[in-house]
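**Q** For any residue, its number in our numbering is found by taking its place in the first sequence, counting from 1, and adding 18. Where a beta carbon is used, it is the ideal one built from N, C-alpha and C, also for glycine. Small disclaimer: the values here were computed from a predicted structure and weren't measured. Below: one structure in structure tokens.
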Amino acid sequence: MAYWLMKSEPDEVSFDDVLAAPQKTVAWFGVRNYQARNFMRDQMKVGDGVLFYHSSCAVPGVAGIAEVASGPYPDASQFDKKSHYYDPKATPEQPRWISVDVTAVEGGSYLPLSEMRTMPELEDMVLLQKGSRLSITPVTAAQWKAVAARLKQKV
DNA sequence: GCCAACGTTGGC
DNA sequence: GCCAACGTTGGC
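Okay, here's the thing in structure tokens:
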């Protein structure tokens with residue numbers, strides 16, 4: 019089993035939105051970066067752990083724990099001319115971008131980025147590396163454990 | 001709003 | 001295939 023950190027802008031989809039969704043599950047759409055796409059396509063498995071991260075907001079940080087709930091399938095927004103994720107080069111026969119479903123598992127506490135930067139266990143986390151902007155990044159088991167423990171501590 | 005860092009595009 | 005120009009991300 020693998021672990022991931024996935025960034026979402028809370029103005030678009032917040033962790034609370036996922037908790038409120040039917041079956042607490044949403045499609046993760048709008049990934050338009052090949053490296054992030056390839057993680058979803060090639061490495062993610064149902065049941066993998068997900069740190070749900072809020073980016074581009076007042077207090078960025080991990081907003082809750084989720085899990086991967088489906089295999090990869092074509093991201094519908096790439097075909098939608100009205101979507102700002104529309105990609106004219108994608109066709110249903112030859113889709114470029116994919117989604118996976120993600121289910122919320124546990125919320126109720128928040129770990130700010132500023133605090134993550136103080137945790138020695140997270141020193142090597144991809145998210146925290148200089149210049150890192152990938153929307154989906156791998157998380158090690160040790161990093162996962164440290165974040166989960168800290169979240170639990172805060173409840 | 002600024003700006004560093006990174007990704008993508010397209011001319012050559 | 002190189003690389004300059006441009007666009008985007010995302011913290012601050």
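#1: Could you have a look at Tyr91 and say whether DSSP puts it in helix, strand or coil?
#2: Could you please give the first and the last residue of the uninterrupted beta strand (DSSP E) stretch that includes Asp66?
#3: In this structure, does DSSP put Lys25 in helix, strand or coil?
#4: Under 8 Å between the Cβ atoms of Ala94 and Thr43?
#5: Classify Ser117 as helix, strand or coil using the three-state DSSP reduction.
#6: Can you give me the start and stop residues for the beta strand (DSSP E) that Glu85 sits inside?
**A** Let me lay it out:
#1: Strand, per DSSP.
#2: Asp66 -> no beta strand (DSSP E), and no H or E assigned at all.
#3: Three-state DSSP puts Lys25 in a strand.
#4: Not closer than 8 Å, so no.
#5: Here Ser117 sits in strand by DSSP.
#6: Counting along the chain, the beta strand (DSSP E) containing Glu85 begins and ends at Gly79 to Val86.
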